Amino acid sequence: MIRSNPSGRRKVLLAAAALSILIASLAISACGSSSSDSGDGTLAAADGCSQTSTDGNLTVVPIDIEPYKTDSSPEGYFAIAYVCVGDSKNPLPFKIDTGASNTLFTPAAAKEAGLKTTEGDFSAGANCLIETRNAKLSGWSLAGMPLPETTVHVAKSPEVEVGGITPVGLLGSDVLSRFGAFRVDYEGSRAVFTTIAPGEKIDPEALDDLAGGSPELKAPMDVQSEQGSVTMTVPVRFGSGPQLKMSPDTGATWTIASSKVAKQQDLEPTGDTDKVGTACGSTKVTFYESGDWTLAGSDLPAQEIGTTEGLVGIDGLLGADVMEHYGTVTFDYAGGQLLLGTG
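Residues in the sequence shown are numbered consecutively from 411, following the working numbering.
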């Protein structure tokens, strides 16, 4: 059943669930061509569904890190992992998407995985509503690492090929948070998880091992969970402007802020724009120089950022372009902190 008038926190969560469909897929250009210098999808074909390894308290999952750039955009990054359902030896490429409050399968992927869908809800996007259906999922893994039983969303999502790989779903924070904490290693092309049973509290020693020492930058992360959806924000500030709430989002190819931020802080435009496809059609992204900006009071490197209309409930997305700069990023859901430059 589609609910036409959600309210309060639930409405924000539904909107956040749509961000990765509408905004975090900002790599589909209607006016530029993509480029990638690595990856051809061979990880899935060669490694199949049994490629995880353990290292003490940690489980290591190989992933593909794919650069992405159009003629009119800065370089961004995809982190792609491989989901296996049941006894299938055919891994499905999924984007690791911390900005997605719910894990999503495209209809084609759901059919291939044999999922049975039921009536669902809607996600509020930029000037439209996206109908989703639900499917209960168990007996699935991330390249062989068991994933917890859960209910996933099934909805249309824009297709984008990068490095010869076309992701068919989003692995969201509803599932990722169940591990307590995990790390994306952009330099080592791997995702690292604490080896604990779903639902158990993370062991402090395991978290220390996961972080790999003192991070270059640490920020408090406000984690919210409601009705199976998980969202989080970190404090970001441009210049001397007000503190903003931005979602730390591995699924956002580029860092994106609300258009009003550029106007309020008088950011310098780069002159580049990109028209990108979304589940609702398309939306315009305008690029600006970030100028001086900070995360939890610590300086971030100056770079290009995108701006767009239609963000709901948050002020923007802290994207994979920032995280890749630091080499690794650790999401400590249980402890409420984001660590950059760990490992």
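All C-beta atoms in this analysis are idealised placements derived from N, C-alpha and C, irrespective of residue type, glycine included.
Keep in mind that this is a model prediction, so the values were computed, not measured.
Would you kindly check if the distance between the Cβ of residue j and the Cβ of residue i is under 9 Å?
i	j	result
residue 737	residue 662	no
residue 504	residue 594	no
residue 552	residue 478	no
residue 750	residue 627	yes
residue 706	residue 645	yes
residue 665	residue 723	no
residue 623	residue 604	no
residue 615	residue 668	no
residue 502	residue 519	yes
residue 700	residue 648	yes
residue 745	residue 617	yes
residue 684	residue 714	no
residue 556	residue 731	no
residue 625	residue 740	yes
residue 554	residue 658	no
residue 544	residue 522	no
residue 596	residue 487	yes
residue 469	residue 463	yes
Along the chain, where does the alpha helix (DSSP H) containing residue i start, and where does it finish?
i	result
residue 714	It is not in any alpha helix (DSSP H) - residue 714 instead sits in the beta strand (DSSP E) that spans 714–718.
residue 586	583–586
residue 621	614–621
residue 674	669–674
residue 730	730–735
Among all the DSSP beta bridges, which residues are the ones paired with residue i?
i	result
residue 600	472 and 595
residue 488	476
residue 747	630 and 742
residue 493	502 and 552
residue 545	527 and 562
residue 709	704
residue 572	575
residue 635	640
residue 684	695
My understanding is that residue i touches residue j, with C-beta atoms under 8 Å, so please give their C-beta distance in whole angstroms.
i	j	result
residue 599	residue 512	Between residue 512 and residue 599 the Cβ distance is about 26 Å, and since that is not below 8 Å, they are no contact.
residue 507	residue 581	6 Å
Over the uninterrupted beta strand (DSSP E) stretch that includes residue i, give me the two end residues.
i	result
residue 522	Segment 517–522 is the alpha helix (DSSP H) holding residue 522; no beta strand (DSSP E) there.
residue 656	654–658
residue 629	627–630
residue 510	That residue, residue 510, is in no beta strand (DSSP E); it is neither H nor E in DSSP.
residue 704	703–705
residue 562	560–564
residue 589	No beta strand (DSSP E) contains residue 589, which DSSP labels as neither H nor E.
residue 752	Per DSSP, residue 752 belongs to no beta strand (DSSP E) and is neither H nor E.
residue 641	639–648
residue 725	Careful: residue 725 lies outside any beta strand (DSSP E) and carries neither H nor E.
residue 463	463–465
* Asked: Should the region 554–570 be regarded as contacting the region 701–714, the criterion being three or more beta carbon pairs within less than 8 Å?
  -> Touching, no.
* To do: Determine, using beta-carbon pairs with one atom in the region 468–475 and one in the region 543–550, whether at least three such pairs fall under 8 Å.
  => Not touching, per the Cβ criterion.
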